[in-house]
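The structure appears right after this line, and notes come after that.
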Amino acid sequence: MQALGLAFGPRDTFTVEATKAEKWDENIDHLVFSYNGEPLFIPKGHLSEWKSPNDGLTVERTGRANSVAISINGFAEICVQVVPVTEEDDRIHNYRIPSDDCYTHLEVQFRFSKLSKEVEGVIGRTYRPDFENPAKRGVMVPVVGGEDKYMTSSLVSSDCRACVFGSGGPEALESSQVDDESKLKYNK
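Going by UniProt numbering, the residue at position 33 of the sequence shown is 33; the numbering climbs one at a time, nothing skipped.
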């Protein structure tokens, strides 16, 4: 996962993204943030913190660089860390990592305090009590699927076929188009 988008409150959005790196250096910060579509700077350094204007969201650095804890008041805590694909991972999984990209990505852990049994989404549905993982065991890179239900026009849009919030639903997705400007910087 290269990026994570959160939509919360009446109109608030937040994204965290892993930037591309040719070679891994743990002292270089590979995290990029945005709040309501605007770039957000959170100083490097353990316990450096940012709070949204309405105090609904808190982002706290948990290390000097490359790791944060994100809290959405009364709902969720998310631990995010940027890591590279190691040579050992590449050897085991045969990713075929090129020499000019160490495939930085986000490792995430979620803890929810109020979650409906009907939770949806690529990640959300895996927290349902009745979730059965459709991924094939033993394959090199298992894929859970769901692109047809969860494709959106941008990282923080609510226009997928399964969305129960905002103006989502099949009609919204059919009439929307993903353009190059909505792609993350990582992919540019």
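Ideal Cβ positions, reconstructed from N, Cα and C, are used throughout, including at glycine. Just so we're clear, the structure is a prediction, and the values are computed from it rather than from any experiment.
Nearest to residue i by alpha carbon, out of the options?
i: Arg111; options: Cys163, Val156 and Val80; result: Val80
i: Glu118; options: Cys163, Val82, Ile97 and Pro84; result: Cys163
i: Ala21; options: Arg96, Val83 and Ile72; result: Val83
i: Asp130; options: Ser116, Cys102 and Arg137; result: Ser116
i: Arg11; options: Val156, Arg161 and Cys160; result: Val156
i: Val32; options: Val68, Asp90, Gln109 and Asp55; result: Val68
i: Ile72; options: Arg64, Arg128, Pro53 and Asp90; result: Pro53
i: Gln109; options: Ser153, Lys136, Ile70 and Val85; result: Ile70
i: Phe75; options: Leu6, Met1 and Val85; result: Leu6
i: Cys102; options: Ser153, Ser154, Trp24 and Ile92; result: Trp24
Less than 8 Å between the CB atoms is what I'm expecting for residue i and residue j, so what's the real figure, rounded?
i: Thr62; j: Lys51; result: Thr62 to Lys51, Cβ: 16 Å. No contact.
i: Leu106; j: Leu4; result: 6 Å
i: Thr13; j: Asn36; result: 6 Å
i: Glu49; j: Glu60; result: 5 Å
If we count the other Cβ atoms within 10 Å of its Cβ and call it buried at 16 or more, is residue i buried or exposed?
i: His30; result: buried
i: residue 213; result: No answer is possible for residue 213: it lies beyond the span of the chain, which begins at 1 and ends at 188.
i: Glu147; result: exposed
i: residue 205; result: Residue 205 is absent from the structure shown; the chain starts at 1 and stops at 188.
i: residue 189; result: No answer is possible for residue 189: it lies beyond the span of the chain, which begins at 1 and ends at 188.
i: Thr15; result: buried
i: Glu87; result: exposed
i: Asp159; result: buried
i: Ser113; result: exposed
i: Ile28; result: exposed
i: Glu17; result: buried
Is it true that the stretch 41 to 50 meets the stretch 117 to 134, where meeting means three or more beta-carbon pairs spaced less than 8 Å apart? Two segments are said to touch when three or more pairs of C-beta atoms, one from each, lie closer than 8 Å; by this definition the stretch 41 to 50 does not touch the stretch 117 to 134.
What are the uninterrupted segments assigned as alpha helix (DSSP H) that are 4 or more residues long and contained completely in the stretch 85 to 157, given in chain order? Annotation note: the stretch 85 to 157 contains the following uninterrupted alpha helix (DSSP H) runs of length 4 or greater, listed N- to C-terminal: 87 to 93 and 147 to 150.
As an exercise, report each continuous alpha helix (DSSP H) stretch of at least 4 residues that is fully enclosed by the stretch 24 to 96, in chain order. If one requires a minimum length of 4 residues, the alpha helix (DSSP H) runs lying completely within the stretch 24 to 96 are 87 to 93, in chain order.
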